[in-house]
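Below is one structure, written out as structure tokens; the observations come after it.
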Amino acid sequence: MVICVDELQLVDAASLQYLLYLATRSRSAKLLMVFAQATDSEQKDAVFNTELLRQPNFQRLRLERLSWEETAQLLTTRLGLPDSADVAYSWYEVSGGNPLLLRAVIDDYRTAGAPPRRGGAVEPVVGDMFVQAALTCVYRSGRIVSRLAEGIAVLGASTSLELLGRLLRTGPTGTRRGAAALDAAGLVDGLAFRHPYVEAAVLEDMDPEARLDMNRRAAVLLHQGGGATLAVARHLLAAQSADEPWAVPLLRDAAQQALAEDDAKLAVACLELAYSACEDEELRAGIRIGTAGIMWRLNPSASERMLAEPLAALYADRLPAAHIGRLIELLLAHGRIEEARGAIGRLNAVMSNAGPASMSQFRMTARWAQESGAQDRALGAAARQGEDAGATRAQLRSRRPSALSTITAAFSGFFGRGGSEESPVAAAEKVLEVPPLTDATFEPIVNSVNALVYAGRPDKAAPWCDALMDEAERRRAPGWRAIFDSIRAEIALRQGNLVESAAYATTALEIVPGRDGSVFIGGPLASQILAYTAMGKYDAAARQLSRPVPEALFKSIYGLGYTRARGCYYLATNRINAALGEFLMAGRLAQLWELDHPALLPWRSDAAEAWLELGDREKAANLVSEQLARNGAGDSRVRGVSLRILAAAGDIENRSRLLGQAVEELQCSGDRLELARALDDLGRTLRGSGELGRADAIMGRAWRMAKECGAEELCARIRLDSGLEARDPRPVVRPVSGPLGPKPAVPQSLGTKLSESEARVAALAVDGYTNREIAANLFITISTVEQHLTRVYRKLNIRSRQQLPTALRAQVDEIA
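Each residue of the sequence shown is one higher than the last, beginning at 893 in my numbering.
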């Protein structure tokens, strides 16, 4: 007879006595008794084991874990895998040689179907069977072992035997025995679970209240023992508690450390918990505003929402003056002009009543004015006149800024440096070349990229923006990525790359969908609407316009672009009066906010086009003349567009001359779409004057540019106007002046990469010439042109003509 008792450690004391009596009184009987007991289980009756040892035929068998070789043999038997250590390696690492766990992994592997592979080796599959088997091993090993497993799961990387003992209130012997039992079961390697799924399952299986309490006590013990700040913070977060007096400052420190490791989600979580636990109103306000700044990394829309509470506190006169300056910074950074104006007004009132102690807060608000050079110029003048520079600085700080002057200073980097001798392009590039992308440098970097865009250098802004997009991706900052995608959409639009612009805008809107009232969506939405409208995709543009937008959008800088885009859609779909109303409204807001610069918002040329459609050439001419005057010798794109519209509004005698100037300006600007429009107007003007050959050549060039831009509506109009509806325009080629044409103006960084011949070919390609036309102009074969372009693409690491830098453009003497 065979009597087998499994799970002996679970048998009650009375049953043990019966079994012991049977074992000691049946020596002459043909009886085999087999008792199975878990390794290192809790001992209920030491007498039972001792008495068994007295029996002459007693044997103790200890079942060890499978070895590498035995694991490989089992895999061969069950799965037909090769019998080798290389195959068994990952399976042994997961199961620890525990036969139960190994069989569970094999079952999960069979259930999964297609086997994963790594370097030719078949990888195990960890699923529900394995996790359930592991939990069974944990909880059938006794209360001490199971609690030890819970402690290891809670402590994670901070685990030590001493800390486990203190956390679980167990003695050193019990702690060591429990750890040995987990190791013998193949569940842990040292004091870490072999697979994260097991750790997660143990945590999930714990009683929620017990888990919260264990994490709270772990935080306290780690803090008392000088544990790492982030480790303590993670336990406070898991405990959902920050009641200890040291918790709030520790969480704030942990947030900064998390940011240094590019873990913005953890930083925000730390600050949110600190905010909920903090009772100091001033500190709470600082934490909330700081969280809003960090949240920008993740989601600009969520960052905006976080400003609602400090704004309400500001309007209720409950926001400490120490935080008003940073609030204004964030409002301006989000483009919320009206609210920034209100905040500046409140700060002025606080300064009037608070005395000298608030002057430091004023300096924060006036930072943009200082950056624009106003303070430096005043100090320099004082020094030249022998005045005390410190007194002058005090006078500057004592002056309260108007809301408009501060806002204008905030955006001054887009258009210049407030009288500085340094050009806005050089100043912007200097900012971009030095600092890494951080929370402190993000706003200046964004402003500098925008400065390049609005200074008429999208060709310089594009590579910077591409690099910053990649860095934001690498730094796990989708919010930053959305900002740079939105700027990139604007850049592509200003270069005439309509498809690219719509794609970048779509990416930005996917990251920040705008369902929660963000004004940021106005930027990418405007780019999408303008791109779809220029492509002739009016239904797509209308769908974007039908998206709900927050009312606050029209009190922000993003509202300017959105309103203009809506006007352009109305103009293209023949709703002229509605379009004119949109353009004029955008212009009024720009004037009110002192942001009326054509490079930022060319509302006058937009409105002039509407007046032309309404037949009022005089109003149109007045508006674009005013825009030209405000632009001065600035943005060539603004000048080119303004001259094109001025030509349409003026007399026929001056039209060709003005359009020729417009084409020259737009060739320098890099905007191929606006250049195509100007060439189309010039071609139609020449056709009207009887210069058919030259008109066909110019309109053919306009058609090709429009086609490359994706402007199908413009292409159709050009084909209709040119009378070439039945075939692609193939103009007569007129060579440029000189035997090989003028040498292209190539920047040194590009010129060193390209040979002289390659640069000439690339310059004409940028200018919209076909391979045939380039060959005719330079007196070379079409095959040679193709070879040169292939080498140019390779050297500049680009794939198409659309990506050729506009700085390569040739300076031709004639338009054709």
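Don't be surprised by glycine CBs; every beta carbon is placed ideally from N, CA and C.
P1710 and A1457 closer than 7 Å at C-beta: In the structure displayed, the chain extends from 893 to 1708; residue 1710 sits before or after that span and is not available.
Backbone secondary structure at C1029 - three-state DSSP: Residue 1029 sits at position 137 when you count from the first residue of the sequence shown. Of the three classes helix, strand and coil, the one that applies to C1029 here is helix, per DSSP.
Which residues share a DSSP beta bridge with F1085? Here residue 1085 is taken as the residue at index 193 of the sequence shown, counted from 1. DSSP lists V1080 as partners of F1085.
Is the distance from the Cβ of A1110 to the Cβ of L1128 below 7 Å? For the purposes of this step, residue 1110 is taken as the residue at position 218 of the sequence shown. For the purposes of this step, residue 1128 is taken as the residue at position 236 of the sequence shown. For A1110 and L1128, no; Cβs fall outside 7 Å.
Where does the unbroken beta strand (DSSP E) through V1326 begin, and where does it stop? Within the sequence shown, residue 1326 is the residue found at index 434, counting from 1. Run containing V1326: none; DSSP gives neither H nor E here.
Start and end residues, beta strand (DSSP E) containing V1411: Residue numbering aside, residue 1411 sits at position 519 when the sequence shown is read from its first letter. Taken as a continuous stretch (DSSP letters only), V1411 belongs to no beta strand (DSSP E), as it is neither H nor E.
Sheet register partners of C1607 (DSSP bridge): Here the question's residue 1607 lines up with position 715 in the sequence shown. Per DSSP, none; premise fails for C1607.
Determine the DSSP secondary structure at L955, reduced to helix, strand or coil. For this step, residue 955 is matched to residue 63 along the sequence shown. Of the three classes helix, strand and coil, the one that applies to L955 here is coil, per DSSP.
According to DSSP, simplified to helix, strand and coil, what is I1690? Position 798 of the sequence shown, counted from the start, is the residue given in the question as residue 1690. The answer is coil: DSSP assigns I1690 none of H, G, I, E or B.
L924: first and last residue of the uninterrupted beta strand (DSSP E) it sits in: By 1-based counting over the sequence shown, the position of residue 924 is 32. From DSSP, the beta strand (DSSP E) with L924 extends over L924 to F927.
Would you say V1046 and M1106 are within 7 Å of each other, going by their C-beta atoms? Along the sequence shown, read from residue 1 onward, the residue named residue 1046 stands at position 154. Along the sequence shown, read from residue 1 onward, the residue named residue 1106 stands at position 214. In contact: V1046 and M1106 (Cβ atoms closer than 7 Å).
Kindly indicate which three-state DSSP category V1037 falls into: helix, strand or coil? Within the sequence shown, residue 1037 is the residue found at index 145, counting from 1. Of the three classes helix, strand and coil, the one that applies to V1037 here is helix, per DSSP.
Would you say the beta carbon of G1602 comes nearer than 6 Å to a heavy atom of the ligand SAM? With respect to the ligand SAM, the structure offers nothing, as it holds no ligand at all.
Give the DSSP-derived three-state secondary structure of I895 in the structure shown. For the purposes of this step, residue 895 is taken as residue 3 along the sequence shown, with counting starting at 1. DSSP places I895 in strand when its eight states are reduced to three.
Determine the contact status of G1057 and T1065, defining contact as a CB-CB distance below 7 Å. Residue mapping note: residue 1057 aligns to position 165 of the sequence shown, counting from 1. Residue mapping note: residue 1065 aligns to position 173 of the sequence shown, counting from 1. Their beta carbons are not under 7 Å apart, which means G1057 does not touch T1065 by this criterion.
Below 7 Å between beta carbons: does that hold for G1178 and H1226? Taking the sequence shown and counting its residues from 1, one reaches residue 1178 at position 286. Taking the sequence shown and counting its residues from 1, one reaches residue 1226 at position 334. No; because the gap between Cβ atoms is not below 7 Å, this pair is not in contact.
Residues in its own chain within less than 7 Å of E1365 by CB, not counting five upstream and five downstream? For this step, residue 1365 is matched to residue 473 along the sequence shown. Correct list, in chain order: R1373.
Identify, in the order they occur along the chain, each residue of the same chain with its Cβ nearer than 7 Å to the Cβ of E1650, setting aside the five sequence neighbours on each side. Residue 1650 sits at position 758 when you count from the first residue of the sequence shown. So the qualifying residues of the chain are H1680, R1683 and V1684.
By Cβ distance below 8 Å, which residues in the same chain neighbour G1117 in space, the five residues on each side in sequence not counted? In the sequence shown, counting from the first residue as 1, residue 1117 sits at position 225. Around G1117: L1055.
Are L993 and G1070 closer than 7 Å when you measure CB to CB? As a working note, residue 993 is residue 101 in the sequence shown. As a working note, residue 1070 is residue 178 in the sequence shown. No; because the gap between Cβ atoms is not below 7 Å, this pair is not in contact.
Under the three-state DSSP convention, the category V1014 falls into: Position 122 of the sequence shown, counted from the start, is the residue given in the question as residue 1014. Correct three-state label for V1014: strand.
With the cut-off set at 7 Å, would you say G1414 and L1445 are in Cβ contact? To locate residue 1414, count along the sequence shown from 1; it is residue 522. To locate residue 1445, count along the sequence shown from 1; it is residue 553. Cβ atoms of G1414 and L1445: closer than 7 Å.
For L1493, which residues of its own chain have a beta-carbon under 8 Å away from its beta-carbon, when the five flanking residues on both sides are left out? Within the sequence shown, residue 1493 is the residue found at index 601, counting from 1. The answer, listed in chain order, is L1452, G1453, R1456, A1478, G1479, A1482 and L1487.
Give every residue of the same chain whose Cβ lies closer than 6 Å to the Cβ of A1295, excluding the five residues on either side of it in the sequence, and list them in chain order. Taking the sequence shown and counting its residues from 1, the one referred to as residue 1295 is at position 403. Since pLDDT at A1295 reaches only 42, below the 50 mark, its modelled position is unreliable, and no value is offered.
According to the Cβ coordinates, are L1163 and A1139 closer than 7 Å? Here residue 1163 refers to the residue found at position 271 when the sequence shown is read from its first residue. Here residue 1139 refers to the residue found at position 247 when the sequence shown is read from its first residue. Contact: no.
Just how far apart, CA to CA, sit L1550 and A1513? On the sequence shown, position 658 is the one that residue 1550 refers to. On the sequence shown, position 621 is the one that residue 1513 refers to. Approximately 13 Å, taken between the alpha carbons.
At least 3 beta-carbon pairs within less than 8 Å: the region 1391-1401 vs the region 1179-1190: no
R1144 - containing alpha helix (DSSP H), residue span: As a first step, residue 1144 must be located in the sequence shown, where it is residue number 252. A1139 to A1152 is the span of the alpha helix (DSSP H), which, as asked, contains R1144.
Contacting residues, own chain, Cβ-Cβ under 8 Å from L1104 (five flanking each side not counted): To locate residue 1104, count along the sequence shown from 1; it is residue 212. So the qualifying residues of the chain are A1130, A1131, Q1132 and S1133.
Tell me which same chain residues have a C-beta within less than 6 Å of the C-beta of Q1519, skipping the five on either side of it? One-based indexing of the sequence shown puts residue 1519 at position 627. Same-chain partners within the cutoff: P1490, R1496, S1497 and S1534.
Which term fits D1431, buried or exposed, when burial requires 16 or more other beta carbons within 10 angstroms of its beta carbon? To locate residue 1431, count along the sequence shown from 1; it is residue 539. So D1431 counts as exposed.
Taking the alpha carbon of D1020 as the point to measure from, which residue in E956, S1052, A1092 and S1419 has its own alpha carbon closest? Looking up residue 1020 in the sequence shown gives position 128. Selected option, being the one with the closest Cα: A1092.
Do the region 1527-1545 and the region 1352-1372 make contact, defined as three or more Cβ pairs closer than 8 Å? no
Considering only their Cβ atoms, is the gap separating E1604 from G1428 smaller than 7 Å? Counting from one through the sequence shown, the residue named residue 1428 turns up at place 536. Counting from one through the sequence shown, the residue named residue 1604 turns up at place 712. Against a cut-off of 7 Å, the Cβ pair of E1604 and G1428 comes out as a contact.
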